[in-house]
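Numbering (our numbering), first residue to last: 42 to 332.
Here a beta-carbon is modelled for each residue, glycine too, at the ideal position from N, C-alpha and C.
Since we're looking at a predicted model, the values are computed, not measured.
Report on the following structure.
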C-alpha cells in the first residue's frame, strides 16, 4: 500500500513537491507514489512536445524528495470513460492505496467533470482518505507545468528555477561541430540529441557537467551557453545549443553533458564583424565565470 499523489508530474515543480510533502507529513513512514496516466496526449489530440525533464533526470530529482516517491502509471484509456466513483473503484482494486493526495485544482472523472471536493466524497465511499493541498503560488500566480514550460521557452530561466525549486537542466550529447568557437578562442561543446526542452534563444550563464574521463569526477564547470541560429557566422542555421565550459580543455565528443541555466545574459544578436562577436563572447564568458 502507498499514499498516491495524483497529477501529470511532467514538470516535477514546487506544486508537485507540495503534494509529496503533505503525503509524507500526513502519513509518516508510508510509501509514496506519483500516479499519472500514459497515452493522455495522444487520446486528447495534444501536440507532441519535448519533455521538460529528461527521463534519466527524473530519478535524481525524486531521490531528493521526501519518501522518496516512486512513479506509477496507468493507461489513460482505462480511466477516461469512468465517473469519479468508477475511477476510485479502479484505483482501489488496482493499486490498493492507503490514501490519495491531490491539488485543489484537481479535475477528474469522465470529461474532467469532477472536482477535488467531489473526489473526497467518491473516495470516502470506497474507504479511501483524500488530502487536498492548496495551490502553491509564485509571484501571485499558481505554479504549474505550463507556466514552467512558458518560462523556459521564453528564456526566463530564473523564473523557471523559482517555479521548479531548482535550475532548469538540459541533458544532451556532445557532437563535433564546425570548430568556429575554437577559431574564435572559445571552444564549445555542441549539444545535440537533446533529451528535453532547451530554453529560448539567447546567451546564458550556467554550469555544465560532463560524463567524460577528461572532466574530472562529478565536476561542474562554469559555462556560457549560446542558444540560437548563429546569425553572425553562418546566416540562419537550425537551432544550436553550444556551451563554453570555462577552464575546461580536452576532448569531450560523444560525452553526455548536463547544462544548468542560472540566468539569461542577453538575447541573440547579429554582429557586424567576427571581431565584434569575439569581444562580446569574452564579456559573456567573464559574466558566466562569476555565475
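Where residue 117 is concerned, the enclosing alpha helix (DSSP H) starts and stops at 117 to 120.
Each of 311, 240, 121, 140 was checked against the Cα of residue 195, and the nearest Cα belongs to 240. In the three-state scheme derived from DSSP, where H, G and I count as helix and E and B as strand, residue 199 is classed as helix.
For residue 132, the secondary structure class from DSSP, reduced to helix, strand or coil, is helix.
For residue 155, DSSP records a beta bridge to 149. Around the beta carbon of residue 154, fewer than 16 other beta carbons lie within 10 angstroms, which makes this residue exposed.
Rounded to the nearest whole angstrom, the C-alpha separation of residue 87 and residue 223 is 41 Å. Apart from the 5 residues on each side of it in sequence, residue 108 sits with its Cβ closer than 8 Å to the Cβ of 61, 64, 65, 72, 73 in its chain, given in chain order. Here residue 152 is exposed, its C-beta having fewer than 16 other C-beta atoms within 10 Å. Sixteen is the threshold: since fewer than 16 other Cβ atoms of the shown chains lie within 10 Å of the Cβ of residue 278, the residue is exposed. Between residue 110 and residue 79, the C-beta gap is not smaller than 7 Å, which leaves the two residues out of contact. Approximately 7 Å separates the beta-carbon atoms of residue 228 and residue 285; this is inside 8 Å, confirming the contact. About 12 Å separates the CB atoms of residue 52 and residue 177; that is not less than 8 Å, and the two are not in contact. Here residue 281 carries a strand assignment [DSSP, helix/strand/coil]. For the pair residue 311 and residue 50, the Cα-to-Cα distance works out to about 39 Å. Excluding sequence positions up to five before and after residue 306, its CB lies within less than 8 Å of the CB of 243, 244, 245, 246, 265, 325, 328, 329, all in the same chain and listed in chain order.
Residue burial annotation: residue 138 is buried, with at least 16 other C-beta atoms found within 10 angstroms of its C-beta. Taking residue 159 as the centre and dropping the five residues before and after it, the same chain places the C-beta of 125 closer than 7 Å to its C-beta, in chain order. Distance from the CA atom of residue 210 to the CA atom of residue 70, rounded to whole angstroms, is 30 Å.
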